[in-house]
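UniProt numbering numbers the first residue of the sequence shown as 1 and each following residue consecutively. Note that beta-carbon positions come from the ideal geometry of N, C-alpha and C, so glycine has one too. Each remark here refers to the structure printed beneath this line.
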Amino acid sequence: MNPCVGIDIGWSSMYMFAEQEDGQLLERTVPTGRDCERTYILKEIHEFINELGYTPAGVGVGVVGLVEDNERVKLSDMPALTGLRAEHITDGRIPVRLLNDVKAATMAEAVHYPDQRTIAVLLAGYGLAVGVVAGGTLLQGARGWSGELGYTLVSTEGGTVKSLDHLAGEWAILDQAGVGQEEMFRRIDGQDEQAIAIIEQAGYYLGVAMTNVIHLYNPDVLIVGGSALAYKGYLKKGIAVAKEHTIPNLLEVCSIVRAQSEQSSIAQGAREYIHSYVMNRQSE
1 MNPCVGIDIG WSSMYMFAEQ EDGQLLERTV PTGRDCERTY ILKEIHEFIN
51 ELGYTPAGVG VGVVGLVEDN ERVKLSDMPA LTGLRAEHIT DGRIPVRLLN
101 DVKAATMAEA VHYPDQRTIA VLLAGYGLAV GVVAGGTLLQ GARGWSGELG
151 YTLVSTEGGT VKSLDHLAGE WAILDQAGVG QEEMFRRIDG QDEQAIAIIE
201 QAGYYLGVAM TNVIHLYNPD VLIVGGSALA YKGYLKKGIA VAKEHTIPNL
251 LEVCSIVRAQ SEQSSIAQGA REYIHSYVMN RQSE
């Protein structure tokens, strides 16, 4: 039994899960939203932990934003999360580690490839980000802020310099289309030429991002996931562009695959991270 709790605090919802003492999985999803309050988030977490019937060994929390040293959310587009500290989650009673959502997803995906030296996970959601596990260690950077791939600047055909977030992410797709997600799906299914052209362009820049990740990290596996993959043709175009522009030797040793545990990967990865943290502390 893994006695730790995994939590994913996302844009639209918060997902929490843990094993109960009888081995059954306890799961809960509650709505959030950009403007939800911190007191609401903490109340829901406390109620979930109390329902377990035992004191968990630790709590891992994946969040949207920049996380400093796994202890504090330095900056988040969800105002309730900015400034959140690990000790706020359980009032310091239980060990808590905060983790950027992409890094948490990277931890979840890496467990499927125990024999690979370097694993890169590229998530294409509203924006783009990458996480890397090398030699069993999650790359964090000086303060834990590595992997902000979407801020990479690219010169477009018109000579304008834009970030990959504004070219390849789901936000870019919907902003250019001027419609919501469901309407965009409908237009693509209806073979709307403008919609398909938007996906082709976004897929092209996804391929640029994939190429850059392969060149930078030389991974054994490049795992691609995220909500933008729901758009037909997007990933296919990205893979085609990556294969065209990546140095052949690097491409030959890199498998490009889809994420296996997208639905709950952030919470799973956060739980895996806190479990490793607790085990390491106990062995010291």
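| query | result |
| --- | --- |
| Between I188 and the rest of its own chain, which residues show a CB-CB distance below 8 Å, the 5 nearest in sequence each way excluded? | A195, I196, I199, Y231, K232, G233 |
| Could you tell me which uninterrupted alpha helix (DSSP H) segments, each at least 4 residues in length, are contained entirely in the segment 93-155, listed from first to last along the chain? | 101-110 |
| Could you tell me the boundaries of the alpha helix (DSSP H) in which Y15 lies? | That residue, Y15, is in no alpha helix (DSSP H); its beta strand (DSSP E) goes 13-19. |
| Could you say which of E183, G269, L99, Y15 lies nearest to L75 if we only look at CA atoms? | L99 |
| Can you tell me whether E51 is buried or exposed? The criterion is at least 16 other CB atoms within 10 Å of its CB, across all chains shown. | exposed |
| In whole angstroms, what separates the C-alpha of I214 from that of M107? | 19 Å |
| Which value, in whole angstroms, describes the spacing of the CA atoms of L216 and L250? | 10 Å |
| Going by DSSP, which residues form a beta bridge with V208? | DSSP output for V208 lists no bridge partner at all. |
| Hey, would you say A57 sits closer than 8 Å to I266, going by beta carbons? | no |
| Are the beta-carbon atoms belonging to D8 and G62 less than 8 Å from one another? | yes |
| Spatial neighbours of H166 within its chain, please: C-beta separation below 6 Å, excluding the five flanking residues on both sides. | A172 |
| If I follow the unbroken beta strand (DSSP E) through K74, where does it start and stop? | 72-75 |
| Scan the segment 192-254 and note each continuous beta strand (DSSP E) run of 3 residues or more that stays entirely inside, going in chain order. | 221-225 |
| Would you mind working out which of G135, L123, V133, K43 sits nearest G207, comparing C-alpha positions? | L123 |
| Using the DSSP secondary-structure output, state which residues sit across from D8 in a beta bridge. | Y15, G62 |
| What does the Cβ neighbour count give for M184, buried or exposed, with the cut at 16 atoms within 10 Å? | buried |
| Using a threshold of 8 Å, state whether the C-beta atoms of I223 and A120 are closer than that. | yes |
| Quick one: any contact between the segment 255-262 and the segment 151-161, if contact means 3 or more CB pairs under 8 Å? | no |
| Provide the residue(s) that pair with I256 in DSSP beta bridges, ordered along the chain. | L222 |
| Alpha helix (DSSP H) containing V278: first to last residue? | 265-283 |
| Mind checking which residues open and close the beta strand (DSSP E) that includes L26? | 25-31 |
| Any idea if R271 is buried or exposed, counting beta-carbon neighbours within 10 angstroms, 16 or more meaning buried? | buried |
| Which residues does DSSP list as the beta-bridge partners of K162? | V154 |
| Apart from the five residues just before and just after G226, which ones in its own chain have a Cβ nearer than 7 Å to its Cβ? | L123, A124, G125 |
| Which residues does DSSP list as the beta-bridge partners of residue 294? | Any answer about residue 294 is impossible in this case: the structure gives the chain only from 1 up to 284. |
| Should H46 be labelled buried (16 or more other beta-carbon atoms within 10 Å of its own) or exposed? | exposed |
| Classify M1 as buried or exposed, calling it buried when 16 or more other Cβ atoms lie within 10 Å of its own Cβ. | exposed |
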